[in-house]
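Okay, so the sequence shown: first residue is 154 according to the numbering used here, each after it adds one. Everything below concerns the one structure shown next.
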Amino acid sequence: VPRIHAQLRRLGHRVNRKRIARVMRERDIRGVTRRKRRSLTRADTKVRPAPDLIGRDFHAEIPGTKLVGDITYLPTTEGWLYLACWLDLATREVVGYAMAD
């Protein structure tokens, strides 16, 4: 109801939230709720965390001196797609990436 109410307001329609809820109930329309993602891994307490080599300083003057990376999990209809990318902090360009399923 809140997202529909906000969208209708953006379109210029003045509608009460209770009316939206009633119309949705009458037409048996339900919002899709996303399930909370559950982590399947447990942190190993015996292993020390990786050192912070750039000291939280995400600025660089010379290209190629500081590179950072990240991994993203993308849900697809065929399963999860894993995307890893590397960024140059001086130019903010993607200098490399890899995908896997």
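Ideal Cβ positions, reconstructed from N, Cα and C, are used throughout, including at glycine. Nothing here was measured: the structure is a model prediction, and the numbers come from that model.
Contacts around residue i, its chain only, beta-carbon distance under 7 Å, and the 5 residues preceding and following it disregarded
{"i": "Tyr226", "result": "Trp233 and Tyr235"}
{"i": "Leu127", "result": "Missing from the structure shown is residue 127; the chain here goes from 154 to 254 and no further."}
{"i": "Asp241", "result": "Pro216, Gly217, Leu220 and Val248"}
8 Å Cβ shell around residue i - same chain, five flanking residues per side excluded
{"i": "Val154", "result": "Arg170, Ile173, Ala174, Met177 and Gly184"}
Length of the line joining the Cα atoms of residue i and residue j
{"i": "Asp254", "j": "Val221", "result": "22 Å"}
{"i": "Ala196", "j": "Ala203", "result": "13 Å"}
Do the region 210–220 and the region 185–193 meet, that is, are 3 or more Cβ pairs less than 8 Å apart?
-> Contact between the region 210–220 and the region 185–193 is not established, with fewer than three Cβ pairs separated by less than 8 Å.
Start-end ranges of the beta strand (DSSP E) lying completely within the region 210–254, minimum 3 residues | Counting whole runs of 3 or more residues, the region 210–254 contains the beta strand (DSSP E) stretches 220–229, 232–241 and 246–253.
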